[in-house]
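Visitor:
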Amino acid sequence: MKQAETGSKVEMADKIFVKKLLSWNKKENRRKMPWKGEKNPYKIWLSEIILQQTRVEQGLKYYENFITAFPNIQALANAPEEKVFKLWEGLGYYSRCRNIITTARHICKDLGGKFPTDHNSLLQLKGIGPYTAAAIASFAYNLPFSVLDGNVFRILSRIFDIETPIDSTHGKKEFSKLAQEVLPLKRAGEYNQAIMDFGALICKPVPECSLCFFKEHCMAFALGKQLLLPVKEKKITIKERWLNYVVVKYNSEIAVHQRKGQDIWQQLFEFSLIETRERYTANQILQLFEKEFGISEYKVQDTQIETTQKLTHQLIHFRFITISLPRKQAVPHCNWVPLKNIKELAFPQSLKKFAETYLYTL
DNA sequence: TAAGCGTGGCC
DNA sequence: TGGCCAAGCTT
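The working numbering numbers the first residue of the first sequence as 238 and each following residue consecutively.
#1: In the structure shown, what three-state DSSP assignment does Ser447 receive?
#2: On the DSSP bridge list, what partners appear for Asn260?
#3: So who's on the other strand from Phe506, going by DSSP bridges?
#4: Between the C-alpha atoms of Ile473 and Pro271, what's the straight-line distance to the nearest angstrom?
#5: Check each candidate in Asp386, Val537 and Gln289 and name the one with the smallest Cα separation from Pro563.
#6: Pull up the distance between the alpha-carbon of Gln417 and that of Phe382, whole angstroms please.
#7: If you drop the 5 nearest sequence neighbours on each side, which residues of the same chain put their C-beta closer than 8 Å to that of Ile373?
#8: Please state if the CB of Arg335 and the CB of Gln499 are separated by a distance shorter than 8 Å.
#9: Please return the same chain residues whose Cβ sits closer than 6 Å to the Cβ of Lys590, not counting the five positions on each side in sequence.
#10: Taking all protein chains shown into account, do 16 or more other C-beta atoms lie within 10 angstroms of the C-beta of Asp539, making it buried, or fewer, making it exposed?
#11: Return the chain-ordered list of same chain residues with a C-beta closer than 7 Å to the C-beta of Ala214, the five sequence neighbours on each side being excluded.
#12: If I measure Cβ to Cβ from Thr354 and keep anything under 7 Å in the same chain, skipping five residues before and after, which residues do I get?
#13: Roughly how many angstroms lie between the CA atoms of Tyr597 and Ser489, to the nearest whole one?
#14: Please check the pair Leu480 and Glu527, which I expect to be a contact at CB under 8 Å, by giving their CB distance rounded to whole angstroms.
#15: Given this structure, state the Cα-to-Cα distance separating His570 from His494, to the nearest angstrom.
#16: With Tyr434 as the anchor, note down where its beta strand (DSSP E) starts and where it stops.
Rendered as structure tokens:
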């Protein structure tokens with residue numbers, strides 16, 4: 238947007254957009270979701286955390302499972318961590334799971350079990366950033382804070398033809414300011430829900446301009462730039478890695494290891510791992526395994542299973558080598574878990590699929 | 001502050 | 001089909 242246009246023209250467009258958006262929301266928006274219209278901050282919070290960088294269709298079942306298992310924040314705070322992680326299994330971005338446990342326990346232990354009712358206190362909670370704080374504040378308490386998510390970036394960039402990259406620090410500030418200016422202060426909750434529904438149904442990445450109530454006022458539509466907005470500047474680099482799992486069995490027990498540190502899948506479980514920076518043969522992997530784990534007496538059951546998984550920043554090649562031990566012995570960094578109990582542990586999706594396909598049937 | 005964190009659906 | 005995207009946050 239050009240500097241000269243930040244004055245009255247934009248304010249006019251704002252007013253028309255808000256009026257039309259709220260009217261569309263009331264008359265035509267049929268989108269239904271279980272947390273919509275919810276006033277319970279616990280349920281709003283849970284839904285918003287689940288939906289971070291996650292599609293509604295994917296998060297829906299997780300939300301229902303969580304509400305059933307943990308109907309209130311006390312139930313979540315009192316739950317064993319492994320049970321919470323097991324419910325989160327497969328949803329990705331597992332730090333969210335760690336954070337809801339921390340925050341639930343903090344609220345129950347230090348805040349009398351009551352969710353904070355002001356925006357700034359919400360922002361202090363682990364896992365709650367600007368978007369989620371605004372969502373809870375506006376949905377639960379109708380406080381005047383505008384949400385700024387992927388939908389809102391897209392919509393505002395198109396309506397006002399703003400080419401500032403949304404993944405830049407400057408862009409975030411600019412869009413945040415604009416979003417707050419557009420917000421109708423007394424109808425924050427209603428407006429925030431409406432604009433995100435509008436982004437999900439009409440002003441999609443590939444937009445349905447023919448259905449749009451605002452196309453006569455949209456600068457991107459006038460210029461034919463819908464598909465060029467919003468602008469992103471960062472290129473992601475994809476790291477390639479090879480995770481060679483040596484699945485160690487003794488009778489019907491499996492050696493498993495819980496991931497720690499700063500890497501992916503923190504706190505999830507895996508099998509004994511040999512990571513390499515390129516593809517190794519099964520024999521090379523077993524050689525490394527013998528050396529690193531101090532285990533040389535075993536029988537190889539299978540070396541064939543290979544698969545890949547694409548993460549946002551990584552391309553992971555998996556190799557599964559199943560071996561069995563003639564006698565039970567300690568496997569470094571691992572614990573022995575009966576096969577029937579493996580299902581109770583949270584695994585990364587690719588490992589879960591391997592286990593379901595090959596391990597339970599051995 | 002820029003980089004990193006999962007998974008699945010879409011075209 | 002591979003790159004992009006989806007109700008972001010933390011470090």
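Backbone N, C-alpha and C fix where the C-beta goes; we use that ideal spot for every residue, glycine too.
Guide: Let me spell this out:
#1: helix
#2: In the sequence under discussion, the amino acid at residue 260 is Ser, which differs from the Asn named in the question. According to DSSP, which records beta bridges pairwise, Ser260 is partnered with nothing at all.
#3: Gln495
#4: 34 Å
#5: Val537
#6: 7 Å
#7: Pro278, Ile281, Trp282, Glu285, Phe352, Leu359 and Ile365
#8: no
#9: none
#10: exposed
#11: Residue 214 is absent from the model: the chain starts at 238 and stops at 599.
#12: Tyr378
#13: 10 Å
#14: Between Glu527 and Leu480 the Cβ distance is about 18 Å, and since that is not below 8 Å, they are no contact.
#15: 6 Å
#16: Note that residue 434 is Asp in the sequence shown, not Tyr. Unbroken run through Asp434 is the alpha helix (DSSP H), Ala425 to Leu438; no beta strand (DSSP E).
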